[in-house]
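**Q**
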Amino acid sequence: MRYLSTSETAEKWGLSSRRVVVLCNEGRIDGAQKAGSTWIIPENAQKPGDARIKSGKYIKKGDEN
Numbered sequence: 078m079r080y081l082s083t084s085e086t087a088e089k090w091g092l093s094s095r096r097v098v099v100l101c102n103e104g105r106i107d108g109a110q111k112a113g114s115t116w117i118i119p120e121n122a123q124k125p126g127d128a129r130i131k132s133g134k135y136i137k138k139g140d141e142n
């Protein structure tokens, strides 16, 4: 299996390399592994979906006065 660096994966997916590192730290990229102080990502890994709320409705927590 061939692995890509975070910068190679970022270029492939159209993201910043920092964003790819964040996705790795959150465990959202299947098969990503830490090699020393860097992340390596399988060449066939799928780009994770956007996890932001898309409905436009946000849940407000706390006191509603």
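Heads up, the numbering used here is the position in the sequence shown plus 77, with the first residue counted as 1. Heads up, the beta-carbon is just placed ideally off N, CA and C, and yes, glycines get one too. This structure is a prediction, so every number in the text was calculated from the model and none was measured.
Please check the pair Pro-125 and Gly-108, which I expect to be a contact at CB under 8 Å, by giving their CB distance rounded to whole angstroms.
**A** For the purposes of this step, residue 125 is taken as the residue at position 48 of the sequence shown. For the purposes of this step, residue 108 is taken as the residue at position 31 of the sequence shown. Contact doesn't hold; Cβ gap of about 12 Å is too wide.
**Q** Let's test the definition: count the other Cβ atoms within 10 Å of the Cβ of Ala-87 and tell me whether it reaches 16, buried, or not, exposed.
**A** What you label residue 87 is simply residue 10 of the sequence shown in a count that begins at 1. Label assigned to Ala-87: buried.
**Q** Between which two residues does the beta strand (DSSP E) harbouring Gln-111 extend?
**A** Position 34 of the sequence shown, counted from the start, is the residue given in the question as residue 111. Checking the displayed sequence, the identity of residue 111 turns out to be Lys instead of Gln. 110-112 is the span of the beta strand (DSSP E), which, as asked, contains Lys-111.
**Q** Report the rounded CA-to-CA distance for Ser-82 versus Glu-103, giving the unit in angstroms.
**A** Translated into positions along the sequence shown, residue 82 becomes position 5. Translated into positions along the sequence shown, residue 103 becomes position 26. Rounded to the nearest angstrom, the two C-alpha atoms are 17 Å apart.
**Q** Alpha helix (DSSP H) containing Ser-82: first to last residue?
**A** Mapped onto the sequence shown, residue 82 falls at position 5. That residue, Ser-82, is in no alpha helix (DSSP H); its beta strand (DSSP E) goes 80-82.
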